[in-house]
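Number 102 in our numbering belongs to position 101 of the sequence shown; there are no gaps in the numbering.
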Amino acid sequence: MSDPRGEADGAAGDAARANGREGERPSATTEGLRLEARGLTHGFDGDAVFADVDLSVEPGDVVAVVGPSGAGKTTLLRLLACFETPSAGVVTANGRDVWELSDEERLRVRRRLGMVFQHRSLFSATVGQNAAYGLRVRSSWRERVESSLRKVVGRHEIPRAATDALETVGMAEKADRHAASLSGGEAQRVAIARALAPDPDVLLFDEPTSNLDPRNTAIVEGAIRAARGRGMGVCLATHDMQQARRVSDRTAVLLGGEVIECGPTERVFEAPEDDRTRDFVAGELVY
Numbered sequence: 002m003s004d005p006r007g008e009a010d011g012a013a014g015d016a017a018r019a020n021g022r023e024g025e026r027p028s029a030t031t032e033g034l035r036l037e038a039r040g041l042t043h044g045f046d047g048d049a050v051f052a053d054v055d056l057s058v059e060p061g062d063v064v065a066v067v068g069p070s071g072a073g074k075t076t077l078l079r080l081l082a083c084f085e086t087p088s089a090g091v092v093t094a095n096g097r098d099v100w101e102l103s104d105e106e107r108l109r110v111r112r113r114l115g116m117v118f119q120h121r122s123l124f125s126a127t128v129g130q131n132a133a134y135g136l137r138v139r140s141s142w143r144e145r146v147e148s149s150l151r152k153v154v155g156r157h158e159i160p161r162a163a164t165d166a167l168e169t170v171g172m173a174e175k176a177d178r179h180a181a182s183l184s185g186g187e188a189q190r191v192a193i194a195r196a197l198a199p200d201p202d203v204l205l206f207d208e209p210t211s212n213l214d215p216r217n218t219a220i221v222e223g224a225i226r227a228a229r230g231r232g233m234g235v236c237l238a239t240h241d242m243q244q245a246r247r248v249s250d251r252t253a254v255l256l257g258g259e260v261i262e263c264g265p266t267e268r269v270f271e272a273p274e275d276d277r278t279r280d281f282v283a284g285e286l287v288y
């Protein structure tokens, strides 16, 4: 079996870094993981993408970040994932500033996160190998899993957690298929399975259904609901207002470099407090 780790492109490498790390698995915690951004400001070359953003991701809760293209949604997710340091403000994990933690402690936080990128890039490997990748790079603890927790799928034996994740997105029967043969929707479903398999506390989705057909969109949204049902916190960045309404508990509206409104999704849609939110939801505000 070839080692897919040497064949990843940049986006797949980022996904792997988000969804799997070498070393010990972090010990279980009953409190879950609460991510919070407070006063978050970030920019490039002196120009702020957004400023003074407050947002929390709670266990068992789906928060949608909506806004037009270029509003900074992807940048916000990368900051929450500890991929980048903010220009100002803090990102906390259970109340602790992640950039004041030691490298080892911050790595433990990252191991509890999964991220699905808009650009659905997979390793040059089978569907099953891709789904198991986050577990593979954690081999120092996964090697201790008893063989009864492994499952033969097609020609390969992969961890049950990976097969369960593939079943969640309806891709278990294609575990032997090479990733290069998949459609865009199928590839995105495998990317989600790869993020789900290590059982993260928090999942970050960046426009996960961009350019997908209705069937694949419904499957992806079902996976988001399944993650919430398992007690994971979910942050979904999307420009699809109706998707936010279908799957999220809370919605934050990111416009003009600031979160202009954040609250229960139905309240944001039905009785927004900011006129800009009302216009944006109605499709009357153009950026």
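Even for Gly, the Cβ is constructed at its ideal location relative to N, Cα and C.
Because the structure is a prediction, the values reported are computed rather than measured.
Label residue i either buried or exposed according to how many other C-beta atoms from any shown protein chain fall within 10 Å of its C-beta, with 16 as the threshold for buried.
i           : result
residue 283 : exposed
residue 174 : exposed
residue 30  : A caution first: residue 30 carries a pLDDT of 39, below 50, which makes its placement in the model unreliable, though a value can still be read off. Its Cβ having fewer than 16 others within 10 Å, residue 30 is exposed.
residue 231 : exposed
residue 45  : exposed
residue 210 : buried
residue 86  : exposed
residue 251 : buried
residue 208 : buried
residue 126 : buried
residue 229 : buried
residue 115 : buried
residue 195 : buried
residue 273 : buried
Could you compute how far the alpha carbon of residue i sits from the alpha carbon of residue j?
i           : j           : result
residue 170 : residue 221 : 7 Å
residue 35  : residue 78  : 14 Å
residue 161 : residue 213 : 28 Å
residue 54  : residue 244 : 22 Å
residue 263 : residue 248 : 15 Å
residue 201 : residue 60  : 11 Å
residue 182 : residue 130 : 14 Å
residue 278 : residue 241 : 14 Å
residue 62  : residue 33  : 11 Å
residue 165 : residue 206 : 19 Å
residue 269 : residue 281 : 11 Å
residue 179 : residue 191 : 11 Å
If you measure between the beta carbons of residue i and residue j, is that distance less than 7 Å?
i           : j           : result
residue 39  : residue 91  : yes
residue 337 : residue 204 : Given a span of 2 to 288 for the chain in the structure shown, any question on residue 337 remains unanswerable.
residue 227 : residue 132 : no
residue 121 : residue 188 : yes
Per DSSP, residue i forms a beta bridge with which residues?
i          : result
residue 66 : 238 and 253
residue 97 : 94
residue 54 : 41
Notebook entry, point to check: In chain order, which alpha helix (DSSP H) runs of at least 4 residues are fully inside the segment 170-243?
Noted result: 185-197 and 215-230
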